[in-house]
Amino acid sequence: SRADLRKERGDSRFWAPLACDWGFYEPLMSGSIDGTDEMPHDRAVARAMQAKYKPNEQVKGDPKATVFVARLSPNTTNDTLKAAFSRLGRVVRCRVVRDIVTGRAKGYGFVEFKRSEDAKEAYYECHKMVLDDSVLLVERESERALPGWVPRRLGGGFGGKKESGQLRFGGRDRPFRKPIVLG
2 SRADLRKERG DSRFWAPLAC DWGFYEPLMS GSIDGTDEMP HDRAVARAMQ
52 AKYKPNEQVK GDPKATVFVA RLSPNTTNDT LKAAFSRLGR VVRCRVVRDI
102 VTGRAKGYGF VEFKRSEDAK EAYYECHKMV LDDSVLLVER ESERALPGWV
152 PRRLGGGFGG KKESGQLRFG GRDRPFRKPI VLG
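The C-terminal residue of the sequence shown carries number 184 in my numbering, and the numbering is unbroken.
Quick look at the structure:
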């Protein structure tokens, strides 16, 4: 259970640098640099712990064959994103997320492959790839793949800015750091 894992997470047998390796998302752990916090250190983590978020049921496709692509240039289109990722395998769906009112790109998107092995390869090969003068961040899709996932807008996620004091860990750019065992 999650509670048991939290008690044991200081043990190296249970410790993992990425939340995806545990197979679930825990807002309290992602708000902690090493995944060992017992109390939320900011209001956003507390808000994420209270959130009753349900993944969007209208999203189609296989979450294990889908990658999340962030830090996209405002000039990146569905076609340029698809062309960049097609070299790794057959792309089934590709979508740059846009603002519903203005139609401007929000800077992230999703690429779904026919095979989950191609998505895994994209996760490793395309991270930090340059596309339209932007260095990309490529992550596994979390919304449908990680039980308990809470998006950034509700206080969860893996991102955050140092200046705001609301950093989140367990993702690719900020993996958990191994706990320091005293004594």
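Note that the Cβ used here is the ideal one computed from N, Cα and C, for glycine as well. Keep in mind the model is a prediction, meaning the values are calculated, not measured.
If I'm right that residue i touches residue j with Cβ under 8 Å, what's the distance once you round it to whole angstroms?
i, j, result
"P56", "R145", "5 Å"
"V186", "A123", "Since the first and last residues shown for the chain are 2 and 184, residue 186 lies out of range."
"V139", "V70", "6 Å"
"F177", "G24", "That belief does not hold up - the Cβ atoms of F177 and G24 are roughly 15 Å apart, past 8 Å."
Among the options, which residue has its Cα nearest to the Cα of residue i?
i, options, result
"L89", "D100, C127, G104 and F69", "C127"
"K121", "D134, F86 and D133", "F86"
"K115", "V60, R178 and V92", "V92"
"R72", "K179, M130, R175 and R169", "M130"
If you drop the 5 nearest sequence neighbours on each side, which residues of the same chain put their C-beta closer than 6 Å to that of residue i?
i, result
"S117", "K65 and A66"
Quick one: what's residue i bridged to in DSSP?
i, result
"Y109", "A71"
"C95", "V112"
Spatial neighbours of residue i within its chain, please: CB distance less than 7 Å, with the 5 preceding and 5 following residues excluded, ordered by chain position.
i, result
"F107", "The question names Phe, but residue 107 is Lys in the sequence shown. The residues are V98, R99 and D100."
"H42", "G32"
"R7", "The predicted model places R7 with a pLDDT of 47, which falls under 50 and marks its position as unreliable, so this point remains unresolved."
"A49", "P28, V151, L155, G156 and G157"
"C21", "R141 and L147"
From what residue to what residue does the alpha helix (DSSP H) around residue i run?
i, result
"R44", "R44 to Q51"
"L137", "Run containing L137: none; DSSP gives neither H nor E here."
"L82", "N79 to S87"
"L183", "Looking at the DSSP string, L183 is not in any alpha helix (DSSP H), and its letter there is neither H nor E."
"S31", "P28 to S31"
"D35", "From DSSP, D35 is part of no alpha helix (DSSP H); its letter is neither H nor E."
"W23", "A20 to W23"
So residue i is in the beta strand (DSSP E); what residue range does that whole segment cover?
i, result
"C127", "Counting along the chain, C127 falls outside any beta strand (DSSP E), and DSSP gives it neither H nor E."
In chain order, what residues of the same chain have a beta carbon less than 8 Å from the beta carbon of residue i, not counting five sequence neighbours either side?
i, result
"T77", "V97, A106, G110, L132, D133 and S135"
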